[in-house]
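Reading through the structure tokens given below for one structure.
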Amino acid sequence: MSFVYRPTEEQPQVIHADHQVLVVCKPHGLLSVPGRGADRADCLIARLRAAFPTILLVHRLDLDTSGVMVFALTPEAQRHLSRQFEERRTKKTYVARLWGRLQPKTGTVDLPLIVDWPNRPRQMVDRDRGRPARTDWRVVRADDMETRVRLSPVTGRSHQLRVHMAELGHPILGDPLYAGGAAAEFPRLMLHAESLRFRHPETGIMQGFTAPAPF
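Residue numbers (the working numbering): 26 to 240.
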């Protein structure tokens, strides 16, 4: 599935920087890393490299998702942080606006995911071949039209939150891949990485960083 990439002019906000790690708030509509082709070279890591020339990737957020990301500034920090993500020792919380009223107040989606190859980058549920994927959710407020939730992914599969909410029958508003009709007719994907907690690679101290949702 092809798309025309028009990166946002909004610049990333630096939340924290030291000699080991860089924490920023990624704007919606900007790739985390370069895509294929010169027209997709403008991305978050490229914009940050001018000020932080040693920047190294640790994880990603979707093009359509905004919010907190951490980068390493040394190879040692990259290895340390990457291991925390792989071993699920980081704590991530997202805010989302969903179509319709989600009930009950809390719950868990535990559905394995796999890439939908004929329709990539879409992902889909596949109970036989999919990789384990789990998302915990909690309702913040709701009415008959929409629900605001906090999502805590236990795993980190591609498009996990988007597919899991759609499977509940409550797609994330503005989702161009998994929502349809009126639910898709929003100016952006209503998904934001609100907070991230990890152990600092040098001190071992657990640190948390937040960026309020812009919606």
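Note that CB positions come from ideal geometry on N, CA and C, so glycine has one too. Bear in mind that the values here come from a model prediction, so they are computed numbers and not experimental data.
Secondary structure at residue i, three-state DSSP: helix, strand or coil?
i      : result
Ile70  : helix
Val188 : helix
Ala158 : coil
His41  : strand
Glu171 : strand
Pro143 : helix
Ala209 : helix
Met26  : Note that Met26 scores a pLDDT of 47, beneath 50, so its modelled location is shaky; the value from the coordinates is reported in the next line. DSSP places Met26 in coil when its eight states are reduced to three.
Thr235 : strand
Ala218 : strand
Arg163 : strand
Arg61  : coil
Ser183 : coil
Lys178 : First, the residue type needs correcting, since residue 178 is Pro and not Lys in the sequence shown. Strand.
Ile80  : coil
Ile230 : coil
Residue i to residue j, Cα distance in whole Å?
i      : j      : result
Val29  : Leu81  : 27 Å
Leu47  : Ile40  : 8 Å
Glu227 : His105 : 9 Å
Met26  : Arg173 : Annotation note: pLDDT 47 at Met26 (below 50); position unreliable, no value reported.
Arg74  : Gly229 : 26 Å
Arg154 : Ala76  : 43 Å
Phe240 : Gln38  : 17 Å
Glu192 : Asp87  : 19 Å
Cys68  : Arg163 : 32 Å
His217 : Val120 : 5 Å
Lys51  : Asp151 : 31 Å
Ile139 : Pro157 : 9 Å
Val49  : Ala102 : 16 Å
Thr99  : His44  : 8 Å
Thr235 : Lys116 : 12 Å
Glu111 : Gly233 : 18 Å
Arg114 : Asp64  : 36 Å
His225 : Arg108 : 12 Å
Trp124 : Asp141 : 23 Å
Counting only the same chain and skipping the five closest in sequence on each side, list residues whose C-beta sits under 6 Å from that of residue i.
i      : result
His53  : Ser91 and Arg213
Ser177 : Thr118 and Asp161
Val179 : Arg159
Arg187 : Ile197, Asp200 and Tyr203
Taking all protein chains shown into account, decide if residue i is buried (16 or more other Cβ within 10 angstroms of its Cβ) or exposed.
i      : result
Gln185 : buried
Thr131 : exposed
Thr133 : exposed
Arg122 : buried
Met231 : exposed
Glu219 : buried
Gln128 : exposed
Pro143 : exposed
Met94  : buried
Gln36  : exposed
Val58  : exposed
Phe223 : buried
Asp263 : There is simply no residue 263 to check, as the chain begins at 26 and stops at 240 in what is shown.
Ala207 : exposed
For residue i, which residues of its own chain have a beta-carbon under 7 Å away from its beta-carbon, when the five flanking residues on both sides are left out?
i      : result
Val165 : Arg173, Val174 and Arg175
Leu136 : Val150, Ala158, His189 and Glu192
Uninterrupted beta strand (DSSP E) stretches inside the segment 92 to 143 (no shorter than 3 residues): 116 to 124, 131 to 135 and 138 to 140
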